[in-house]
Amino acid sequence: MAGHAIEIILSRQLADCLSVPVFIVDPEGTLLFYNAPAEGILGQKFQDTGAMPIGDWGTTFFPHDGEGNHIPPSELPLVQTINNKEPAHKTFWINSLSGKSTKISVTSIPIIGRSNEFSGAMAIFWDNEKTL
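Residue 69 in this note's numbering is what sits at position 71 of the sequence shown, and the numbering runs on without skipping anything.
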């Protein structure tokens, strides 16, 4: 995370401590980190995927509606937050890298520091079939 804004570094530390899946991207949408709970849904450890440009993560996990229709990256909450610098929310399905389809609800928020500079965005998502 060297070279990233302190807000991104602190967001990653927070994500690492949470039991809910979290995705963190930079202002261009490059995936910088996802935590261990996200690994369970996505089907691969972050250390194995590494950073991914928006064009990759926006399609790799095949976001789709309940009838299997692909959802374009521009309609994903995290992409909307990057573009509009506003929170966004949506429920949809994704496929893990092993092919398992999971219905998730995603809420994304912009990461904006005290200087009012947009540093990226964070998405918190939930497996809708999971219970506590």
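Even glycine gets a Cβ: it sits at the ideal position worked out from N, Cα and C.
DSSP three-state assignment for residue i, whether helix, strand or coil
{"i": "A119", "result": "strand"}
{"i": "S94", "result": "coil"}
{"i": "H87", "result": "strand"}
When the options are compared against residue i, the one with the closest alpha-carbon
{"i": "V18", "options": "I109, G111 and V104", "result": "V104"}
{"i": "T100", "options": "S72, W55 and F60", "result": "F60"}
{"i": "K128", "options": "L12, A36 and V77", "result": "A36"}
{"i": "A121", "options": "N114, R10 and H2", "result": "R10"}
{"i": "G27", "options": "A34, I6, F123 and G66", "result": "I6"}
{"i": "W91", "options": "G64, P70, F31 and A13", "result": "G64"}
{"i": "W31", "options": "K98, M50 and I39", "result": "Correcting the residue type first, residue 31 is Phe in the shown sequence and not Trp. Ranking the options by Cα distance to F31, first place goes to M50."}
Bridge-paired residues (DSSP) for residue i
{"i": "S106", "result": "A86 and A121"}
{"i": "S99", "result": "N93"}
Assumed close pair residue i, residue j - CB separation to whole angstroms, cut-off 8 Å
{"i": "L29", "j": "V23", "result": "6 Å"}
{"i": "P75", "j": "S117", "result": "With a Cβ gap of about 18 Å, P75 and S117 do not count as contacting."}
{"i": "A119", "j": "T79", "result": "4 Å"}
{"i": "I133", "j": "P71", "result": "Here the chain covers residues -1 to 130 and nothing more, so residue 133 does not appear."}
Contact test: residue i Cβ vs the ligand ZN heavy atom, cutoff 6 Å
{"i": "L29", "result": "This structure lacks the ligand ZN, and indeed carries no ligand of any kind."}
Check: Could you give the uninterrupted runs of the alpha helix (DSSP H) lying entirely in the region 5 to 83, keeping only those of 4 residues or more?
Finding: The qualifying runs are 34 to 40, 44 to 47, 52 to 58 and 75 to 82.
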